[in-house]
């Protein structure tokens with residue numbers, strides 16, 4: 004029969020597995036659901052003990068157990084993000100049936116999305132750690148298909164600054180760069196200030212959490228919003244390219260776009276020049292303001308033959 008533990012809002016199950024008492028959170032506040040889970044776990048434990056039948060363990064079940072056991076880690080939010088990414092590929096699969104070929108397929112999938120070897124390795128390492136954790140804690144005896152299949156990463160680089168380099172860096176870091184805000188952006192900042200005053204009045208951060216803590220990364224929320232909007236292969240940095248493209252398309256001179264984006268040279272901004280064909284037309288039209296007439300002077304000694312030029 005499920006029971007309540009002090010300090011936990013969830014029902015807990017208690018049963019015997021491999022001659023040891025197991026106490027496990029059902030992660031639900033619904034007593035009927037908790038009873039069903041406890042009965043399922045008891046049946047699985049009975050089959051494993053008496054019939055040597057390994058119960059199927061889904062990706063979701065394995066990762067949920069690992070996240071519960073990692074709740075004390077500072078990297079918990081990163082693990083949750085990695086789990087969400089892994090689930091898009093392995094979701095619903097039984098971990099016992101995930102093969103090395105599946106892992107290689109995941110690697111190809113993430114590479115096609117433009118992810119670096121280090122990023123892919125961290126994600127697969129989360130899956131590997133989850134499998135090892137459940138095998139060690141619950142004795143589930145699952146094979147680990149990630150083992151031996153991580154990608155090579157660049158060797159660790161060491162870079163040291165001289166005292167002169169440190170001096171130059173500090174000097175350059177003191178430069179002030181002002182980025183103007185339009186009315187939409189100003190409205191957003193004002194709404195954030197009003198929200199902070201109401202929910203986190205003591206916070207020093209513009210983008211704060213309800214308790215006043217700093218929002219250190221927008222990546223998780225951004226990727227969630229992009230997924231709901233069905234926008235594939237979209238990164239936060241793409242918004243910068245979008246802004247530059249819109250400005251150039253709307254006729255803003257490349258020199259102005261350069262200053263707004265903070266490009267070190269106009270060469271970087273010229274990547275967007277193909278979006279402004281109207282500038283070429285405008286330049287040609289300017290020639291029409293001073294047409295060549297019959298009275299125009301041609302330098303002596305020079306014969307202009309248009310037909311010859313064209314040939």
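In this note's numbering, the protein residues as written are 4 to 314.
Just so you know, even glycine gets a beta-carbon here, dropped at the ideal spot from N, CA and C.
Residue i burial status per 10 Å Cβ neighbour count (16 or more: buried)
i	result
residue 62	buried
residue 123	buried
residue 140	exposed
residue 177	exposed
residue 6	exposed
residue 163	exposed
residue 200	exposed
residue 119	exposed
residue 280	exposed
residue 362	An answer regarding residue 362 cannot be provided, because it is not within the stretch 4 to 314 covered by the chain.
residue 68	buried
residue 239	exposed
residue 169	exposed
residue 85	buried
residue 247	buried
Cα-Cα separation between residue i and residue j, rounded to whole angstroms
i	j	result
residue 129	residue 135	10 Å
residue 305	residue 288	At residue 305 the pLDDT is 48, less than 50, meaning the model places this residue with poor confidence; the figure from the coordinates comes in the next sentence. Each residue's Cα considered, the two are about 27 Å apart.
residue 81	residue 223	9 Å
residue 116	residue 154	16 Å
residue 4	residue 16	7 Å
residue 235	residue 241	12 Å
residue 266	residue 132	42 Å
residue 35	residue 49	21 Å
residue 180	residue 97	53 Å
residue 183	residue 261	14 Å
residue 83	residue 243	27 Å
residue 126	residue 270	37 Å
residue 103	residue 150	9 Å
residue 173	residue 158	28 Å
residue 3	residue 138	Given a span of 4 to 314 for the chain in the structure shown, any question on residue 3 remains unanswerable.
residue 108	residue 189	45 Å
residue 258	residue 146	59 Å
residue 18	residue 46	10 Å
residue 226	residue 24	41 Å
Opening and closing residue of the alpha helix (DSSP H) in which residue i lies
i	result
residue 239	239–252
residue 104	103–115
residue 270	269–272
residue 174	166–176
residue 222	222–231
residue 139	120–141
residue 182	First-last for residue 182: undefined, no H or E at that position.
Residues bridged to residue i [DSSP beta-bridge criterion]
i	result
residue 16	27
residue 97	61
residue 217	211
residue 6	15
>> Tell me whether the stretch 209–216 and the stretch 180–196 touch, counting them as touching only if at least three CB pairs, one residue from each stretch, are closer than 8 Å.
In response: yes
>> Under 8 Å, with one C-beta from each stretch per pair, do the stretch 32–49 and the stretch 64–77 reach the 3-pair mark?
In response: no
>> Quick test of the definition: if touching needs 3 or more C-beta pairs under 8 Å, does the stretch 108–126 touch the stretch 86–93?
In response: yes
> Between the stretch 245–253 and the stretch 261–277, do three or more beta carbon pairs fall short of 8 Å?
Replying inline: yes
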